[in-house]
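For reference, the structure is listed below as C-alpha coordinates.
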Amino acid sequence: MTISHSDSSIYMTIDDVASYLRVKSNSTIYRWVKQGKFPEPIKLNGLTRWDMRDVAKWVVDKKVNE
561 MTISHSDSSI YMTIDDVASY LRVKSNSTIY RWVKQGKFPE PIKLNGLTRW DMRDVAKWVV
621 DKKVNE
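Numbered continuously in this note's numbering, the sequence shown closes out at residue 626.
What follows is the structure, encoded as C-alpha coordinates:
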(Lines of atoms letter the chains of each structure in order from A and count residues from 1; the text may use other names and numbers.)
(Lines give C-alpha, C1' and ligand atoms only; values in the text may rest on other atoms or scores of the structure.)
Protein backbone atom coordinates (compact mmCIF):
# COMPACT_ATOMS: atom_id res chain seq x y z
CA MET A 1 0.00 0.00 0.00
CA THR A 2 1.39 3.42 -0.96
CA ILE A 3 0.41 5.89 1.74
CA SER A 4 1.47 9.51 2.18
CA HIS A 5 1.49 11.26 5.56
CA SER A 6 0.88 14.97 6.01
CA ASP A 7 -0.23 16.89 9.09
CA SER A 8 -1.35 13.68 10.86
CA SER A 9 -3.52 12.72 7.87
CA ILE A 10 -2.97 9.57 5.88
CA TYR A 11 -3.58 9.82 2.14
CA MET A 12 -4.31 6.87 -0.11
CA THR A 13 -3.79 6.34 -3.84
CA ILE A 14 -6.61 5.08 -6.05
CA ASP A 15 -5.04 1.62 -5.96
CA ASP A 16 -4.96 1.73 -2.14
CA VAL A 17 -8.62 2.75 -2.01
CA ALA A 18 -9.68 0.03 -4.45
CA SER A 19 -7.72 -2.57 -2.50
CA TYR A 20 -9.09 -1.37 0.85
CA LEU A 21 -12.66 -1.55 -0.47
CA ARG A 22 -11.98 -4.76 -2.41
CA VAL A 23 -13.14 -3.13 -5.62
CA LYS A 24 -11.71 -4.74 -8.77
CA SER A 25 -11.66 -1.63 -10.97
CA ASN A 26 -10.34 1.83 -10.18
CA SER A 27 -12.94 3.21 -12.56
CA THR A 28 -15.62 2.11 -10.09
CA ILE A 29 -14.18 4.49 -7.49
CA TYR A 30 -14.06 7.37 -9.99
CA ARG A 31 -17.64 6.61 -11.09
CA TRP A 32 -18.84 6.68 -7.47
CA VAL A 33 -17.11 10.05 -6.98
CA LYS A 34 -18.73 11.45 -10.12
CA GLN A 35 -22.14 10.18 -8.93
CA GLY A 36 -21.62 11.76 -5.50
CA LYS A 37 -21.60 8.35 -3.80
CA PHE A 38 -17.97 8.49 -2.59
CA PRO A 39 -15.74 11.20 -1.09
CA GLU A 40 -13.94 13.52 -3.49
CA PRO A 41 -10.18 13.06 -3.73
CA ILE A 42 -7.76 15.87 -3.06
CA LYS A 43 -4.74 16.95 -5.04
CA LEU A 44 -1.36 16.91 -3.29
CA ASN A 45 1.43 18.30 -5.45
CA GLY A 46 -0.54 17.26 -8.54
CA LEU A 47 -1.24 13.75 -7.23
CA THR A 48 -4.75 12.45 -6.59
CA ARG A 49 -5.21 11.13 -3.06
CA TRP A 50 -8.03 10.26 -0.65
CA ASP A 51 -7.87 11.03 3.04
CA MET A 52 -8.03 7.67 4.79
CA ARG A 53 -10.35 9.14 7.45
CA ASP A 54 -12.89 10.07 4.74
CA VAL A 55 -12.73 6.57 3.24
CA ALA A 56 -13.10 4.90 6.65
CA LYS A 57 -16.04 7.16 7.53
CA TRP A 58 -17.70 6.30 4.22
CA VAL A 59 -17.36 2.58 5.01
CA VAL A 60 -18.88 3.05 8.49
CA ASP A 61 -21.72 5.21 7.14
CA LYS A 62 -22.44 2.69 4.40
CA LYS A 63 -22.65 -0.17 6.92
CA VAL A 64 -24.93 1.83 9.22
CA ASN A 65 -27.30 2.69 6.37
CA GLU A 66 -27.59 -0.86 5.01
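All C-beta atoms in this analysis are idealised placements derived from N, C-alpha and C, irrespective of residue type, glycine included.
Check, Outcome
"Cβ neighbour criterion (16 or more within 10 Å) applied to residue 602", "exposed"
"Reduced DSSP secondary structure (H/G/I, E/B, other) of residue 582", "coil"
"Beta-carbon proximity of residue 604 to residue 571, cut-off 8 Å", "yes"
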